[in-house]
Amino acid sequence: MDFSKLPAILTPDLGLLFWMLLAFLVVFFILAKYGFPAITNMVTERKNYIDESLKKAHEASERLENIKQEGEAILQEAREKQALILKEATQTRDAIVENAQGKAREETARLLEDAKAQIEGEKRNAMREIRSQVAELSVQIAEKILREKLSSDAAQMEMIDRLLDEISVDNKNK
Numbered sequence: 564m565d566f567s568k569l570p571a572i573l574t575p576d577l578g579l580l581f582w583m584l585l586a587f588l589v590v591f592f593i594l595a596k597y598g599f600p601a602i603t604n605m606v607t608e609r610k611n612y613i614d615e616s617l618k619k620a621h622e623a624s625e626r627l628e629n630i631k632q633e634g635e636a637i638l639q640e641a642r643e644k645q646a647l648i649l650k651e652a653t654q655t656r657d658a659i660v661e662n663a664q665g666k667a668r669e670e671t672a673r674l675l676e677d678a679k680a681q682i683e684g685e686k687r688n689a690m691r692e693i694r695s696q697v698a699e700l701s702v703q704i705a706e707k708i709l710r711e712k713l714s715s716d717a718a719q720m721e722m723i724d725r726l727l728d729e730i731s732v733d734n735k736n737k
């Protein structure tokens, strides 16, 4: 292969290589003097920022753990208070129920006594009414007997039987 026919950019001569090397060294020197320290400084700052962020994240994680523990303690305390309140409510409910049952027993006893008194009063009224009806019937029987001519004992017995039959039929109709 013949390199002489290639363009000059692909086959540089010694003078071009010298100037390219010199330009490279100047740029490298300038970068080493000013660029690399700035880049290193920026990387160091970034590293410090990341380290500080990690430290803050760790502290936040610890705070969050403390908050969780405090929250659990608060929840446990709330559960204990809830249990106490429920126990007190149950005791209050039981006392109210017992009180209501006592009042219901007293009211039932009072109503039973009132009912007994009312029944006794109605019984007395019924007895008075029955006595009154018996007396009235007796008077009616005596009146009918007196109206009849009572000539003989047989007629009297026949009359009494007939009147009693009439009275019992009248009572059934009422």
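Residues 564 to 737 in the working numbering are what the sequence shown spells out, letter by letter.
The beta-carbon is built from N, C-alpha and C at its ideal position, and this holds for glycine as well.
Residue of Phe599, Val589, Ser701 minimising C-alpha distance to leucine 727: Ser701
Residue ranges of each alpha helix (DSSP H) within the region 629-706, 4 or longer: none
Does the region 719-735 come into contact with the region 684-704, if we say contact requires no fewer than three beta-carbon pairs (one atom in each stretch) closer than 8 Å? yes
Identify, in the order they occur along the chain, each residue of the same chain with its Cβ nearer than 6 Å to the Cβ of arginine 656, setting aside the five sequence neighbours on each side. none
For proline 575, name the three-state secondary structure that DSSP assigns. coil
Helix, strand or coil, according to DSSP, for serine 731 in the structure here? helix
Glycine 578 to glycine 598, Cα distance in whole Å? Each residue's Cα considered, the two are about 28 Å apart.
Given this structure, state the Cα-to-Cα distance separating leucine 647 from glutamine 664, to the nearest angstrom. 25 Å
Close-in-space but distant-in-sequence residues of the same chain around isoleucine 630 (CB under 8 Å, 5 per side omitted): none
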